[in-house]
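If you count the sequence shown from 1, you need to add 1 to reach our numbering. Just so you know, even glycine gets a beta-carbon here, dropped at the ideal spot from N, CA and C.
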Amino acid sequence: ESLPSLPDNMLEFRAGRMFVEGTRVIPDPRKGLVRIGKGEEGLVHFQWLDRSLNAIEEDQIVFPDEAVFEKVSQSSDRVFILKFSTDTRKFFFWMQEPKSDGDSQLCSLVNYYINRPL
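In structure tokens form, the structure reads like this:
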């Protein structure tokens, strides 16, 4: 069964969500998928899907130079944040790809795709 898709899918990788509790982030144990693509309206979407339910649970429209995706330096784990410069939105993710040596390349690709001119 295929996951709901965007007309122009640019990047996908396995990652779980994390939730903020006080000053800590707590991992959601479910298997997840981050997907970046263009919607039918031509805007870039950053989505998080539950891989076992094939369900989109987070769908953020991102405009160029509005957000950055980066490794959380305070964590020794594979924790990343999508943070918006235009408001206080912050979304945390933990990598579920088997090999960590591709994390920095995935991070660069996320930033490339979310910051490309429309």
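Runs of beta strand (DSSP E) wholly within the region 6-81 (minimum 3 residues, chain order)
9-22, 25-28, 33-39, 45-51, 56-63 and 68-72
Since F85 and E67 are thought to touch, with beta carbons under 8 Å apart, how far apart are those beta carbons, to the nearest angstrom?
6 Å
Span separating the alpha-carbon of S53 from that of M96:
In this model, S53 and M96 are separated by some 16 Å (Cα to Cα).
How is the alpha helix (DSSP H) around D104 delimited, first residue to last?
D104 to N116
By the 10 Å Cβ neighbour count, where 16 or more other Cβ atoms means buried, how is V63 classified, buried or exposed?
buried
Taking the beta carbon of A16 as the centre, do at least 16 other beta carbons fall within 10 Å, making it buried, or is it exposed?
By the neighbour-count rule (16 or more Cβ atoms within 10 Å), A16 is buried.
So, at 6 Å on beta carbons, what are the nonlocal neighbours of L107 in its own chain, with the 5 sequence-adjacent residues on each side left out?
F14
How many Å lie between V80 and V73 at the Cα?
6 Å
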